[in-house]
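S.K.: The sequence shown begins at 1 in the UniProt record's numbering and counts up by one. Heads up, the beta-carbon is just placed ideally off N, CA and C, and yes, glycines get one too. There's a structure below that I have some questions on.
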Amino acid sequence: MGKNRAKKVKRAWRNISTKEFDDYNEKATRDANSGGSLASAPSDSLFVVDKSTDVPVRRKIEKKREKVLRFESVLQRNPFVKAVPSSILKKLKKKDKTVDLAQDASKDDDKKGPESGKFDIWDDQGKVNIKGKKKANPSLIPAVEVEPPGCSFNPENESHKDSLALAVAEEMKKIYKKELEPEPIPLTVPGEPVTEDDRYFLEVDHEDDDDVDEMDEENQTEDQINEDENRKSKEKRITTVVKNKRIRRKEQQKAEAEAKKIKDLSKEIDSIPDILQEIAKEDEEKKNRHLRRMVAKEERLKSGPPRLGKRKFEPAPSQVLLTEEITGSLRKLKACCTLARDRFKSLEKRGILVPSAKRSRK
């Protein structure tokens, strides 16, 4: 009896209605699509207090201005949509660009292919050539260099002497350099015409040299013939005893070479710590050499610019007044146009302009 009753109860479970669950799911989806359920919405969004008393009549232009456009309605935030972070959007845009470029390139290739049957393997269509930004290396030379105090219009006696000594040393250096330069090759070489007697003696000497050369060639051919005959007489038939001796000698030499190789290898293994010390010393020397090179390069860049053209940079001579020209007053100072020249030399020294040749007025 108990078993039959249990079967009837289980059959009755099939007749339980699921209408309430279906209605709830439909309502939830409807609320999600419409923007939210009315029960959970605040009263301010559902009900509006009418405050339109004594409001002036609006014109058509005002009504049109207040109208919500389509892009504004699309841009209104939906509470059920999560915002996408900006980094993901940037990555997606980059991917879309690369995919579009690849598709355009493949389309161009497909169009060209069936027409001609040939394609250019060096064709760069579809590739994006992005030029890198050029970063200007800052110059170590300052834009405005301060001259030593001895170059002033009213300098002290000691500083003026020091500046004069430096200027004289620069000029003497130029003079010595010019004197020590190798002499240029002369365009013409002075000489005397050859007389008839000298020409006769030269022709006789030339004939004697030809006779001596012919005699040497004949002697060489005779010596070569004698050597060939002696070599043929010395060549004899090698016996088996001599062959065996040679084979044994070769094997012995091979064994000695292998033993020497093993001995040298064991010596190298024993001298590993010394080798490591030598490597460490070499690395240290390389680092010191690199530092010296860097310091020398910086000093070179401070003294002058890198080579930009075929001419080297020549620094301007130091503007030092002579002892007779020192007046001690700006009013009595001799006028000279050195400002433009100084700025031009500064631009050349910093590597902004290519050094140009000196131009003299005609």
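(1) Taking the alpha helix (DSSP H) that Phe347 falls in, what are its first and last residues?
(2) Look at the alpha carbon of Ser271 and the alpha carbon of Pro148, and state the distance between them as a whole number of angstroms.
(3) In whole angstroms, give me the CA-to-CA distance for Lys312 and Leu330.
(4) Among the residues of its own chain, which have a CB less than 8 angstroms from the CB of Leu140, if the five just before and after it don't count?
(5) Is there contact here, the region 163-178 with the region 332-340, by at least three beta-carbon pairs under 8 angstroms?
(6) I'd like the span of the alpha helix (DSSP H) that includes Ala41, first residue to last.
(7) So, Asn154 versus Gly328, is the Cβ gap smaller than 9 angstroms?
(8) What is the DSSP secondary structure of Gly132, counted as helix, strand or coil?
(9) In the structure shown, what three-state DSSP assignment does Leu180 receive?
(10) Taking the CB atoms as reference points, tell me whether Leu291 and Gly351 lie closer together than 9 angstroms.
(11) Is the beta carbon of Glu145 sitting closer than 9 angstroms to the one on Ser346?
(12) Per DSSP, what kind of secondary structure is Lys111 in: helix, strand or coil?
(13) For Arg341, collect the residues of the same chain with a Cβ closer than 8 angstroms to its Cβ; drop the 5 residues on either side in sequence, then sort them by chain order.
(14) How big is the Cα-Cα spacing for Leu92 and Val74?
(15) Tell me whether Thr327 sits in a helix, a strand or coil according to DSSP, three-state version.
(16) List the endpoints of the continuous alpha helix (DSSP H) containing Ser266.
(17) Report buried or exposed for Glu348, applying the criterion of at least 16 other Cβ atoms within 10 angstroms of its Cβ.
(18) Buried or exposed: Ser163, going by 16 or more other Cβ atoms within 10 Å of its Cβ?
(19) Do you know how far the Cα of Val48 is from the Cα of Lys19?
(20) In the DSSP assignment, the alpha helix (DSSP H) including Leu75 goes from what residue to what residue?
(21) What distance in whole Å lies between the Cβ atoms of Ser318 and residue 372, which are believed to be in contact at a cut-off of 8 angstroms?
(22) If we ignore side chains and look at the alpha-carbon of each, how far apart do Thr240 and Thr221 end up?
(23) Check for me: the alpha helix (DSSP H) holding Glu145 runs from which residue to which?
(24) Given this structure, state the Cα-to-Cα distance separating Lys94 from Ile88, to the nearest angstrom.
(25) Between the C-alpha atoms of Val194 and Glu203, what's the straight-line distance to the nearest angstrom?
M.R.: In short:
(1) Going by the sequence as given, residue 347 is Leu instead of Phe. Its alpha helix (DSSP H) spans residues Leu339 to Lys349.
(2) 59 angstroms
(3) 35 angstroms
(4) Glu298, Leu301 and Lys302
(5) no
(6) Element bounds for Ala41: n/a, residue is neither H nor E.
(7) yes
(8) coil
(9) helix
(10) no
(11) yes
(12) In this prediction, Lys111 scores a pLDDT of 48, lower than 50, which makes its location untrustworthy; no coordinate-derived value is stated.
(13) Ala316
(14) 21 angstroms
(15) coil
(16) Thr240 to Asp270
(17) buried
(18) buried
(19) 35 angstroms
(20) Arg70 to Leu75
(21) The chain is shown from 1 up to 362; residue 372 falls before or after that span and cannot be answered.
(22) 37 angstroms
(23) Note, Glu145: premise wrong, no alpha helix (DSSP H); not H, not E.
(24) 10 angstroms
(25) 13 angstroms
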